[in-house]
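Each residue of the sequence shown is one higher than the last, beginning at 1459 in the numbering used here. The beta-carbon is built from N, C-alpha and C at its ideal position, and this holds for glycine as well.
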Amino acid sequence: MATEGGAGLAKSAVEKLSYAMGEKTKQLGTAMQDVHRQRRLILVIVCVALFLDNMLYMVIVPIMPSYLTKWEARESNASGANASWAKSVLGPGYPPENEDIKIGLLFASKAILQLLVNPLSGTFIDRVGYDIPLLIGLTVMFLSTIIFALAENYATLFAARSLQGLGSAFADTSGIAMIADKYTEESERSRALGIALAFISFGSLVAPPFGGILHQFAGRRVPFLVLACVCLLDCLLLLTVIKPFGSRARENMPVGTPIQRLMIDPYIAVVAGALTTCNIPLAFLEPTIATWMKKTMGASEWEMGVTWLPAFFPHVLGVYITVKLAAKYPHLQWFYGALGMVIIGASSCTVPACRNFGQLIVPLCGICFGIALVDTALLPTLAFLVDVRHVSVYGSVYAIADISYSLAYALGPIVASQIVHSLGFVQLNLGMGLANVLYAPVLLFLRNVCQMKASHSERNILLEEGPKGLYDTIKMEERKGKGKTPHPTGGMQGNSVDSYHRDLTGSLEEDSSDYEYS
């Protein structure tokens, strides 16, 4: 009897626990269906993805000397001369010229592949939506991180780095596009994109000390394994919150504007040029400034390791200020971008004049502050331009933005060292500063963007792809019947329908300009 009573109590407890867990699961599911909560969760997922991508991009910097030492020792059978050479590499961190080229190609390979894949990924995102490409990107990044952890030679590292570029082309573009799609209010969109930019900066600046500490105390594989676990958790959260394979909402969404049309849009071209130009100083200084610091100011290892860390705070400050100003004065977005480019230009020109680490922090903080102004002002502008001049599908336009960033970071590791060797570090900085100052007035071209209002002709233009529902079917019929003389017969009802169709077509033709000013 006692045994039966105990079994009954246990069964009752299990049933109660199961019921409680079921209720909690229902509550969680209901909470996830709430639009505002789902938007916040999506923002978290995207920010983690961007953070991981930039962590993986920079975490290898302090680990690279360890790889170089191991490979050199293996190739030379650990001879005394080469062991001495390996020690010199591990110390200052400056390999000879042929190794410098290898490292430059390794770092550039990610951006180069990203540059090549982005036109395709942008079109793919416009076709299938944002969630599946984000999942693909996170999965590829996870595989890339695992390969990084297992890499034993240069070829494997190069493959892992290139694979990361493939994942970034999907994850970064679809993530930013998803934020623009979910946050339709301009002030909310600017704030959400600003948060995403802060995570990008945080990942880039935290990665070197994170990788260095874990590499020293736990081994070179551990930093990559930690990042792989975080990436896997982000994938699981994405599958839980969005359910990319269970949604069929994409079927009724409009067809996005082809990326080639967006590229020749003069407003989008101006924004893309600004994003490339403002990121060139950062992309070109990252592979060259450590060598210059060592030669000119005798910088120590820790100073070279934390060179960019103080710049994180002005970058976040720049994002915060721009978001606040954009909410209050949205018509001055172009001015915030132009001001940022002037600050970047002035800061770049003053870098060669610094003679100690304390002085150098000031212009580097100025560069990152200016980049924050430009990025935070112009990324939401891209979404707004698509809203008013094209179709509100954002995959291709943010693929163009990613191409702009990738172009700067693909050239940086390869071109910057050659410019320093042939012309000098001073000339490199003066050229980058002058380019930013000269480009700033070009943003005047965007001064009337906020006065534009949406065109009603884009859906009509893009119906060559076939109708996507009742609305598009009616529009297609109107286009086919356009220009035909209506039959005089048909009774009262037929004449009324024909009159309605003519009125509707006429009103649409009046609104068929690319954009209008209010």
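Notebook entry, point to check: Taking MET1636 as the reference, which of PRO1772, THR1839, ILE1779, LEU1501 has the closest Cα?
Noted result: What you label residue 1636 is simply residue 178 of the sequence shown in a count that begins at 1. That would be LEU1501, whose Cα lies nearest to the Cα of MET1636.
Notebook entry, point to check: Taking the alpha carbon of ILE1858 as the point to measure from, which residue in THR1642, ILE1722, GLY1828, ASN1611 has its own alpha carbon closest?
Noted result: Counting from one through the sequence shown, the residue named residue 1858 turns up at place 400. Closest by alpha carbon: ILE1722.
Note to self: Would GLY1562 and SER1850 be called neighbours here (beta carbons separated by less than 8 Å)?
What the structure shows: Position 104 of the sequence shown holds residue 1562. Position 392 of the sequence shown holds residue 1850. Here GLY1562 is not near SER1850, since their CB atoms are 8 Å or more apart.
Item checked: Beta-carbon contacts of PHE1883 that lie in its chain and below 7 Å, excluding the five residues immediately before and after -> In the sequence shown, counting from the first residue as 1, residue 1883 sits at position 425. So the qualifying residues of the chain are THR1746, TRP1750, PRO1810.
Note to self: Rounded to whole angstroms, what is the Cα-Cα separation between ALA1618 and ALA1665?
What the structure shows: As a position in the sequence shown, residue 1618 is number 160, starting the count at 1. As a position in the sequence shown, residue 1665 is number 207, starting the count at 1. Approximately 17 Å, taken between the alpha carbons.
Check: Rounded to a whole number of angstroms, what is the C-alpha to C-alpha distance between CYS1807 and TYR1778?
Finding: The sequence position of residue 1807 within the sequence shown is 349, counting from 1. The sequence position of residue 1778 within the sequence shown is 320, counting from 1. Cα to Cα, the separation comes out at about 25 Å.
Notebook entry, point to check: Curious, which full-length alpha helix (DSSP H) runs of at least 4 residues does the region 1780-1866 contain?
Noted result: Counting whole runs of 4 or more residues, the region 1780-1866 contains the alpha helix (DSSP H) stretches 1791-1808, 1815-1847.
Check: What is the rounded straight-line gap between the Cα of ILE1605 and the Cα of ASP1692?
Finding: By one-based count along the sequence shown, residue 1605 stands at place 147. By one-based count along the sequence shown, residue 1692 stands at place 234. Looking at the two C-alpha atoms, the distance is approximately 19 Å.
Notebook entry, point to check: At which residue ranges does the region 1663-1705 contain complete alpha helix (DSSP H) runs of 4 or more residues, listed in the order of the chain?
Noted result: Counting only runs of 4 or more residues that sit fully inside the region 1663-1705, the alpha helix (DSSP H) segments are 1680-1699, in chain order.
Item checked: 7 Å CB neighbourhood of GLU1922 in its chain, flanking five on each side removed -> Here the question's residue 1922 lines up with position 464 in the sequence shown. In this prediction, GLU1922 scores a pLDDT of 42, lower than 50, which makes its location untrustworthy; no coordinate-derived value is stated.
Margin query: Using 8 Å for Cβ pairs, my map puts PHE1657 next to CYS1505. What's the rounded Cβ distance?
Written below: Within the sequence shown, the letter at position 199 stands for residue 1657. Within the sequence shown, the letter at position 47 stands for residue 1505. Contact flag correct, Cβ pair sits at about 4 Å.
Checklist line | Length of the line joining the Cα atoms of GLY1795 and ARG1497 | finding: Taking the sequence shown and counting its residues from 1, the one referred to as residue 1795 is at position 337. Taking the sequence shown and counting its residues from 1, the one referred to as residue 1497 is at position 39. Roughly 27 Å between the two C-alpha positions.
Notebook entry, point to check: Exposed or buried, what is SER1880 when buried is set at 16 or more other beta-carbons lying within 10 Å of its beta-carbon?
Noted result: On the sequence shown, position 422 is the one that residue 1880 refers to. By the neighbour-count criterion, in which 16 or more other beta carbons inside 10 Å mark a residue as buried, SER1880 falls on the exposed side.
Note to self: Alpha carbons only, please: which of PHE1815, VAL1774, ALA1784, ALA1730 is nearest the one belonging to VAL1764?
What the structure shows: Counting from one through the sequence shown, the residue named residue 1764 turns up at place 306. When each option's Cα is compared against that of VAL1764, the closest is PHE1815.
Margin query: Quick check for students: name the residue ranges of the alpha helix (DSSP H) that lie wholly in the region 1596-1662, counting only runs of 4 or more.
Written below: Runs of the alpha helix (DSSP H) spanning 4 or more residues and lying entirely within the region 1596-1662 occur at 1612-1640, in chain order.
Notebook entry, point to check: For the ligand SAM, is there a heavy atom less than 7 Å away from the beta-carbon of GLN1496?
Noted result: Within the structure as shown, the ligand SAM is missing, as the structure has no ligands at all.
Margin query: How far does the alpha helix (DSSP H) with LEU1743 in it extend, from its first residue to its last?
Written below: Within the sequence shown, residue 1743 is the residue found at index 285, counting from 1. Element bounds for LEU1743: 1724-1743.
Note to self: Here's the rule: buried if 16 or more other CB atoms are within 10 angstroms of the residue's CB, otherwise exposed. What is TRP1792?
What the structure shows: As a position in the sequence shown, residue 1792 is number 334, starting the count at 1. Buried.
Notebook entry, point to check: In the structure shown, what three-state DSSP assignment does PRO1520 receive?
Noted result: Along the sequence shown, one-based indexing puts residue 1520 at 62. Looking at PRO1520 - three-state DSSP - the assignment turns out to be coil, as it is neither helix nor strand.
Item checked: Beta-carbon proximity check, ALA1627 vs LEU1901, cutoff 8 Å -> Numbered from 1 along the sequence shown, position 169 holds the residue referred to as residue 1627. Numbered from 1 along the sequence shown, position 443 holds the residue referred to as residue 1901. Going by C-beta atoms, ALA1627 is not nearer than 8 Å to LEU1901.
Notebook entry, point to check: Any idea what DSSP makes of VAL1586, helix, strand or coil?
Noted result: Translated into positions along the sequence shown, residue 1586 becomes position 128. Note: VAL1586 maps to helix in three-state DSSP.
Item checked: Rounded separation between GLU1646 and GLY1633 - CA only -> Along the sequence shown, one-based indexing puts residue 1646 at 188. Along the sequence shown, one-based indexing puts residue 1633 at 175. For GLU1646 and GLY1633, the distance between alpha carbons rounds to 16 Å.
Item checked: For LYS1568 and VAL1846, the rounded distance between their alpha carbons -> If you number the sequence shown from 1, residue 1846 lands on position 388. If you number the sequence shown from 1, residue 1568 lands on position 110. Cα to Cα, VAL1846 sits roughly 33 Å from LYS1568.
Next item on the list: Along the alpha helix (DSSP H) that carries PHE1883, what are the first and last residues, could you check?
Entry: In the sequence shown, residue 1883 corresponds to position 425, counting from 1. For PHE1883, the uninterrupted alpha helix (DSSP H) run begins and ends at 1883-1897, by DSSP.
Next item on the list: Would you identify the three-state DSSP class for TRP1766, choosing helix, strand or coil?
Entry: Indexing the sequence shown from 1 puts residue 1766 at position 308. Coil.
Notebook entry, point to check: Which residues mark the beginning and the end of the alpha helix (DSSP H) in which ARG1448 is found?
Noted result: The shown model of the chain, from 1459 to 1976, leaves out residue 1448, and the question about it has no answer.
Next item on the list: Would you tell me roughly how many angstroms separate the C-alpha atoms of TYR1856 and THR1631, rounded to the nearest one?
Entry: As a position in the sequence shown, residue 1856 is number 398, starting the count at 1. As a position in the sequence shown, residue 1631 is number 173, starting the count at 1. About 6 Å.
Checklist line | Start-to-end residues for the alpha helix (DSSP H) that takes in PRO1754 | finding: Your numbering for residue 1754 matches position 296 in the sequence shown. First, the residue type needs correcting, since residue 1754 is Thr and not Pro in the sequence shown. Boundaries of the alpha helix (DSSP H) harbouring THR1754: 1747-1755, taken from the DSSP string.
Next item on the list: Identify, in the order they occur along the chain, each residue of the same chain with its Cβ nearer than 8 Å to the Cβ of ALA1893, setting aside the five sequence neighbours on each side.
Entry: Taking the first residue of the sequence shown as position 1, residue 1893 is located at position 435. Counting only residues of its own chain and dropping the five nearest sequence neighbours on each side, ALA1893 has a CB closer than 8 Å to the CB of THR1735, ILE1738, GLY1803.
Check: Nearest CA to the CA of LEU1696: which residue from CYS1908, VAL1895, LEU1499?
Finding: Along the sequence shown, one-based indexing puts residue 1696 at 238. Across the set CYS1908, VAL1895, LEU1499, the C-alpha of LEU1499 shows the shortest separation from the C-alpha of LEU1696.
Margin query: Could you check whether LEU1564 and VAL1998 sit closer than 8 Å to each other, using their CB atoms as the reference points?
Written below: Since the first residue of the chain shown is 1459 and the last is 1976, residue 1998 is not available in this structure.
Next item on the list: Please state whether DSSP places GLY1776 in a helix, a strand or coil.
Entry: Within the sequence shown, residue 1776 is the residue found at index 318, counting from 1. DSSP places GLY1776 in helix when its eight states are reduced to three.
Checklist line | GLU1916 burial status per 10 Å Cβ neighbour count (16 or more: buried) | finding: Taking the first residue of the sequence shown as position 1, residue 1916 is located at position 458. With a pLDDT of 43 at GLU1916, under the threshold of 50, the modelled position of this residue cannot be trusted, and the question is left open.
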